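What follows is the structure in structure tokens.
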């Protein structure tokens, strides 16, 4: 397969697997984890432990946003790393190791959600309260505050949970985790244009969900 | 500039990705149109709320717990995986066409002899869920591919059994019985040349249709038989890993016969070096949808689609053991074909309905393809040769 990474991470040709084979010759991508991965693949378990330490935070964060609760997030974080350990010998440096991890974690989340009933019930409850006008933040928030208050963030989390996983995953990866479109496309195995349009649709759906709160929010100039 | 144009540019506007002149036009409209201005404002607020979500605290001991579970053996590979690792290059090509997997099935049958887990392995490699770990040509269950070794090119591997007279086909799993291979199956006079209405067409690795014969057995089953060449495995010294015993010797002898010196690193074997006869017993419903339509059986992917319908869980396992890039290619190519034949929705359903984790995950991948193809997204700008910056943004 041809991966079209050029040094310093510029990607040519998008992520559409149908067009990859016509694109430029492959250059191995720069990956800060490469040395650790190589050591681990050569049998050094200590290196794998270091990889966990290095990536557990972002894996847990993603899974927490996807699942909406700590127990599932922690459980799936462990599963993600176990799965990596089980299958990681197949990882080759065609993409960043961190992107590979996101893909494994994303699959773990998508597989798990089907079995979940309670997350949905919690969302419904919150939504009812929201619609009834309860529970809105009692005072306007400080616009300088970089993080949301408990109640407000609970509303945002609940709104996220109403999205289908196919919309939720890219918007989490983009707006919350700060990945670029290309990395998300690789992690989710979809075309980059798809990622973009899903993010936009997700934001629009969130805006609908959060409408009641937005009126109280100050406008943002200049993005 | 009107509402529709602003809506069209909204996503790029919010990202600051618009050309300055277009951006100026959008800004001008926003100044004049309160509805659009409110929409932009609300979108910006939504994005800001998302980016301001507090970070969850990561629970302690994740690494320690994972390492403990690893040491307890939770990630130790099973037989199947050890064999996959041993044969390494077999599944390496970016898109392995059905014939290559049939060859893998052949390997599986050879190894099955000495392996308690052989049934799994066989089911895995062939997509069949046979009731018996050992495959005997004339007892092959519906959907299984029984491998019947031809005399050419492989005698050495069989050791004592190799002394069979020319023309006798050696069933690798005959358990001492004198099995006359496909001839034993085709004992009826109804044998005939391959008929395009039969929903199964063996393909070579290059996608060429292979000559095959169709037999109808006494009990009315259809058996397709064809000659298969090109055995794409290597690493002969390790080919028997995990199986041991005679199977290991078999695989070694076989591999060195077809692959040349044991040290040769190639994972491709020229087609003329070895051949085997493979027979497949078809179930009436095995190749759902493939008996009809003029495209059925002409494309090598149809065989895989049939397999996906027939044995979704095994199919998903097969796909899942490729590396990620290969998985994407498989899904892309197969969904393209399924879409062309109007089967993509059915395929997603079949995978979902399998009650299997990997199949469900694969169903998601296919469903994503279905949506993006339906929306024409796969032909979008990103598919071209545009250079896309891969810078990492920071939100905080």
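Residue numbers (our numbering), protein chains in the order written: chain A, 26 to 248; chain B, 3 to 398. Backbone N, C-alpha and C fix where the C-beta goes; we use that ideal spot for every residue, glycine too. Everything numeric in this text was worked out from a predicted model, so none of it was measured.
Residue i in three-state terms, based on DSSP
i              : result
residue 21(B)  : coil
residue 229(A) : helix
residue 78(B)  : coil
residue 129(A) : helix
residue 94(A)  : coil
residue 35(B)  : coil
residue 362(B) : helix
residue 4(B)   : coil
residue 217(A) : helix
residue 55(A)  : coil
residue 100(A) : helix
residue 63(B)  : coil
residue 343(B) : coil
residue 120(A) : coil
residue 192(A) : helix
residue 204(A) : coil
residue 69(A)  : coil
residue 56(B)  : coil
residue 180(A) : helix
residue 235(A) : coil
residue 323(B) : coil
residue 310(B) : helix
residue 369(B) : helix
Distance between beta carbons of residue j and residue i, contact taken as under 8 Å
i              : j              : result
residue 69(A)  : residue 123(A) : Not really, about 19 Å apart at Cβ, beyond 8 Å.
residue 332(B) : residue 136(A) : Between residue 136(A) and residue 332(B) the Cβ distance is about 18 Å, and since that is not below 8 Å, they are no contact.
residue 346(B) : residue 318(B) : Residue 346(B) to residue 318(B), Cβ: 16 Å. No contact.
residue 38(B)  : residue 60(B)  : Contact flag wrong, Cβ pair sits at about 41 Å.
residue 201(A) : residue 52(B)  : 6 Å
residue 228(A) : residue 49(B)  : 6 Å
Residue i to residue j span [Cα, whole Å]
i              : j              : result
residue 197(B) : residue 338(B) : Interpretation of residue 197(B) is limited by its pLDDT of 39, a score under 50 that renders its predicted location unreliable; no figure is taken from the coordinates.
residue 128(A) : residue 108(A) : 11 Å
residue 316(B) : residue 23(B)  : 55 Å
residue 78(B)  : residue 342(B) : 41 Å
residue 179(A) : residue 64(A)  : 41 Å
residue 182(A) : residue 236(A) : 14 Å
residue 71(A)  : residue 12(B)  : 48 Å
residue 175(A) : residue 56(B)  : 9 Å
residue 320(B) : residue 188(A) : 31 Å
residue 78(A)  : residue 194(A) : 23 Å
residue 171(B) : residue 205(A) : Legend: pLDDT at residue 171(B) = 36, less than 50; position of this residue unreliable, value from coordinates given subsequently. Computed Cα separation, rounded: 58 Å.
residue 81(A)  : residue 184(A) : 25 Å
residue 314(B) : residue 359(B) : 11 Å
residue 74(A)  : residue 105(A) : 13 Å
residue 322(B) : residue 210(A) : 19 Å
residue 65(B)  : residue 94(A)  : 19 Å
residue 361(B) : residue 67(B)  : 28 Å
residue 349(B) : residue 196(A) : 28 Å
residue 230(A) : residue 130(A) : 24 Å
residue 366(B) : residue 335(B) : 15 Å
residue 369(B) : residue 311(B) : 15 Å
residue 66(A)  : residue 113(A) : 8 Å
residue 133(A) : residue 5(B)   : 41 Å
residue 355(B) : residue 121(A) : 34 Å
residue 75(B)  : residue 111(A) : 10 Å
Given 8 Å as the limit, is there contact between the segment 219-236 of chain A and the segment 18-31 of chain B, that is, 3 or more CB pairs closer than that? no
Below 8 Å, can you find three or more Cβ-Cβ pairs linking the segment 78-86 of chain A to the segment 98-113 of chain A? yes
Is there contact between the segment 62-73 of chain B and the segment 37-45 of chain B, where contact requires at least three CB pairs shorter than 8 Å? no
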